[in-house]
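Q:
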């Protein structure tokens with residue numbers, strides 16, 4: 008180098024190389040961090056069906072003790088019997104702000120206690136803030152030999 | 004700086020003087036004290052509001068101390084969190100006190116910050132060159148609300164589980180990036196043990212570090228620019244430098260200390276008389292209980308979400324909750340940008356109108372959400388309104404039309420309050 012002035016091209020090139028190297032380093036730091044923050048696979052719900060923790064004849068016809076929601080792929084699943092005797096299953100997560108709805112058999116509706124959202128027995132949002140109906144699941148029965156004691160199988164439609 | 008004299012007067016001085024001289028030479032205590040003595044705090048009708056920032060700082064220190072103590076027994080996992088808080092409340096000596104102080108302190112610090120924000124606005128202390136003091140202060144308020152929200156989940160009870168579900172879902176309705184943010188916040192699709200770990204890390208490490216950094220910036224700016232004198236006060240004295248003042252050390256600091264002592268007393272009384280509830284352990288699949296509500300400082304948002312319909316004007320893409328979230332985002336942005344929006348008399352009138360409407364909105368929604376019965380809602384709402392009017396009164400000059408309007412509003416409010424109390428008592 009000596010007393011010779013540095014050439015502008017060489018300076019530009021060095022600066023570019025330096026920026027590139029620093030940029031690569033930053034990317035090598037940021038990418039693993041962002042990936043680390045992203046949820047693990049295992050916590051996401053994947054199950055396509057589930058067997059309810061009670062039998063068909065354990066659902067009361069009216070009043071009585073209704074079984075609470077149970078785990079279906081990480082979401083609460085609510086199984087109910089309509090006054091007509093039909094068994095239905097719903098994703099109990101309210102479509103408004105993700106609270107869990109409760110079944111009110113005496114009123115024939117679902118209530119979300121967070122913001123007073125009401126759904127009818129078809130899961131349709133009838134009053135209050137919920138923007139969409141509840142997600143419905145398909146209900147199948149697996150015979151166990153004893154009539155009435157069929158297993159309830161809930162699956163995604 | 005010259006080294007402490009080895010002989011002469013220092014030798015005959017007491018050990019305190021000698022220690023002071025020793026430290027002054029090495030860490031510059033003299034220089035720090037000189038800064039404090041040089042700093043002046045103006046004296047006028049609204050001087051009392053200068054204490055609110057220091058009060059928030061004091062309560063933050065209480066939160067750090069009580070929070071660190073709680074972390075010695077708390078275990079952040081869904082199997083152990085609730086049980087460990089239960090043990091703190093029932094087995095650990097004075098555990099109930101430490102936890103109650105921490106929970107009550109969180110509420111007090113946010114209350115003080117709200118008042119600090121409101122009175123800073125009324126003093127118009129955000130004027131040039133203090134724009135960034137305002138901005139850092141508002142970010143600190145947001146951070147403390149985030150601290151409150153993240154800490155709320157840690158006991159892992161039904162209430163905190165529901166609150167976290169709702170709060171994170173609201174992040175999820177932000178257009179475009181919402182869904183990613185929701186997953187990052189929850190650490191998955193649902194609120195699970197991973198969410199608890201995340202909130203724990205946010206609550207005990209990330210947010211406190213951010214708070215300390217922002218507070219450093221905020222206090223540096225306050226120190227650099229000195230205390231703001233409200234324009235009207237400066238005018239009436241014929242210039243900012245003619246306003247009477249006291250020195251920060253020791254005059255203001257000693258008064259500060261009295262306030263802190265008072266705050267500590269209130270905090271201890273609240274914690275002892277009303278120990279914080281623990282509730283029932285969270286069951287991720289149980290139906291949300293009736294009467295589920297967030298803390299009072301989120302109640303105004305919660306209440307609006309309760310009132311907004313599922314879809315606005317039956318447009319499927321225009322969901323009520325999204326409109327609510329964007330609305331609060333817009334209001335927050337306006338508050339953040341107040342120093343830059345105040346560009347003269349006209350914009351100031353618009354800002355004052357906006358501030359008035361915001362405060363009334365906050366009061367109405369909070370009172371509405373707090374109680375279920377109308378008379379009680381009115382009693383709470385009018386009481387809060389009277390408190391705000393009393394605050395505003397200190398900023399208005401006698402004989403002006405706005406002062407008279409304030410008087411009329413106060414009288415009307417008292418009449419409504421009395422009517423509501425009579426109604427409630429005779430029910």
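Chains as they are written, first to last, in this note's numbering: chain A, 8 to 164; chain B, 4 to 430. We put the CB at the ideal spot given by N, CA and C, even for glycine.
1. Which value, in whole angstroms, describes the spacing of the CA atoms of residue 352 of chain B and residue 365 of chain B?
2. In the DSSP assignment, find the alpha helix (DSSP H) that holds residue 101 of chain B and state where it starts and stops.
3. Considering only their Cβ atoms, is the gap separating residue 285 of chain B from residue 164 of chain B smaller than 8 Å?
4. Using a Cβ cut-off of 7 Å, pull out every chain A residue sitting near residue 323 of chain B, in sequence order please.
5. With which residues is residue 78 of chain A paired in a DSSP beta bridge?
6. Measure the alpha-carbon distance for residue 312 of chain B versus residue 38 of chain B and round it to whole angstroms.
7. Does residue 77 of chain A have its Cβ less than 8 Å from a Cβ in chain B?
8. Just to confirm my understanding: we take residue 259 of chain B, look at its own chain, exclude 5 residues before and 5 after, and list those with CB closer than 7 Å. What are they?
9. When DSSP builds the beta bridges, which residues end up paired with residue 158 of chain A?
10. Any beta carbon of chain A sitting closer than 8 Å to that of residue 313 of chain B?
11. Whole angstroms is fine: what's the gap from residue 147 of chain B's alpha carbon to residue 214 of chain B's?
12. Determine whether the Cβ of residue 291 of chain B lies closer than 8 Å to any Cβ atom of chain D.
13. Would a C-beta distance cut-off of 8 Å place residue 139 of chain B and residue 204 of chain B closer than the cut-off?
14. In whole angstroms, what is the alpha-carbon distance linking residue 88 of chain A and residue 363 of chain B?
15. Just to check my reading of the structure: residue 248 of chain B and residue 43 of chain B have Cβ atoms closer than 8 Å, yes? What is that Cβ distance to the nearest angstrom?
16. Under 7 Å Cβ-Cβ, which residues of chain B neighbour residue 116 of chain A?
17. Using the beta-carbon of each residue, which ones in chain A are nearer than 9 Å to residue 169 of chain B?
18. State the DSSP-derived secondary structure class of residue 118 of chain A, mapped to helix, strand or coil.
19. Run down chain B in chain order and give the residues with a C-beta less than 7 Å from the C-beta of residue 44 of chain A.
20. Counting only beta-carbon atoms, is residue 172 of chain B nearer than 8 Å to chain A?
21. Counting only C-beta atoms, is residue 109 of chain A closer than 8 Å to chain B at any point?
22. Do we get a CB-CB distance below 8 Å when we pair residue 254 of chain B with the residues of chain A?
23. If we cut at 8 Å on Cβ distances, does residue 193 of chain B have a partner in chain A?
24. Does residue 83 of chain A get closer than 8 Å to chain B when you measure Cβ to Cβ?
25. Going along chain A in order, which residues have a C-beta closer than 7 Å to the C-beta of residue 165 of chain B?
26. Does the beta carbon of residue 308 of chain B come closer than 8 Å to any beta carbon on chain A?
27. Name the chain A residues whose beta carbon is nearer than 7 Å to that of residue 139 of chain B?
28. Identify the contact partners of residue 210 of chain B in chain A, using a Cβ-Cβ distance below 9 Å as the criterion.
29. What residues from chain A crowd round residue 369 of chain B, counting only those whose CB sits closer than 9 Å?
30. Relative to the C-alpha of residue 105 of chain B, which candidate in B:62, B:170 and B:19 has its C-alpha closest?
31. Assuming residue 175 of chain B and residue 181 of chain B form a contact by the criterion Cβ under 8 Å, report the distance between their Cβ atoms to the nearest whole angstrom.
32. Considering residue 94 of chain A, what are the terminal residues of the alpha helix (DSSP H) in which it resides?
33. Check whether the Cβ of residue 288 of chain B lies closer than 8 Å to any Cβ atom in chain A.
34. If contact means a Cβ-Cβ distance below 9 Å, which residues of the stretch 66–83 of chain B contact chain A?
35. Look at the alpha carbon of residue 55 of chain A and the alpha carbon of residue 145 of chain A, and state the distance between them as a whole number of angstroms.
36. To the nearest angstrom, how far is the alpha carbon of residue 8 of chain B from that of residue 261 of chain B?
A: The answer reads as follows:
1. 20 Å
2. 98–126
3. Their beta carbons are under 8 Å apart, which means residue 164 of chain B touches residue 285 of chain B by this criterion.
4. 136 and 138
5. Listed as beta-bridge partners of residue 78 of chain A by DSSP are A:83.
6. 56 Å
7. yes
8. 54 and 57
9. A:62 and A:149
10. yes
11. Each residue's Cα considered, the two are about 8 Å apart.
12. No chain D appears in the structure shown, which is made up of the protein chains A and B.
13. In this structure, residue 139 of chain B keeps its C-beta atom at 8 Å or more from the C-beta atom of residue 204 of chain B.
14. 46 Å
15. 4 Å
16. Those within 7 Å of residue 116 of chain A in chain B number zero; the least Cβ separation is about 13 Å.
17. 103, 104, 105, 106, 121 and 122
18. strand
19. By Cβ distance, chain B contributes 187.
20. Taking CB atoms only, residue 172 of chain B has a neighbour in chain A less than 8 Å away.
21. yes
22. no
23. yes
24. yes
25. 106 and 121
26. yes
27. Going along chain A, no residue has its Cβ under 7 Å from residue 139 of chain B, so there is no contact; the nearest lies around 26 Å.
28. Correct list: empty, because the minimum Cβ distance to chain A is about 16 Å.
29. Residues of chain A passing the Cβ test: none, with the nearest at roughly 16 Å.
30. B:62
31. 5 Å
32. Here residue 94 of chain A belongs to no alpha helix (DSSP H); instead the beta strand (DSSP E) covers 94–98.
33. Yes, residue 288 of chain B lies at the interface with chain A (some Cβ there is under 8 Å from its Cβ).
34. none
35. 11 Å
36. Note that residue 8 of chain B scores a pLDDT of 48, beneath 50, so its modelled location is shaky; the value from the coordinates is reported in the next line. Distance between the alpha carbons of residue 8 of chain B and residue 261 of chain B is about 38 Å.
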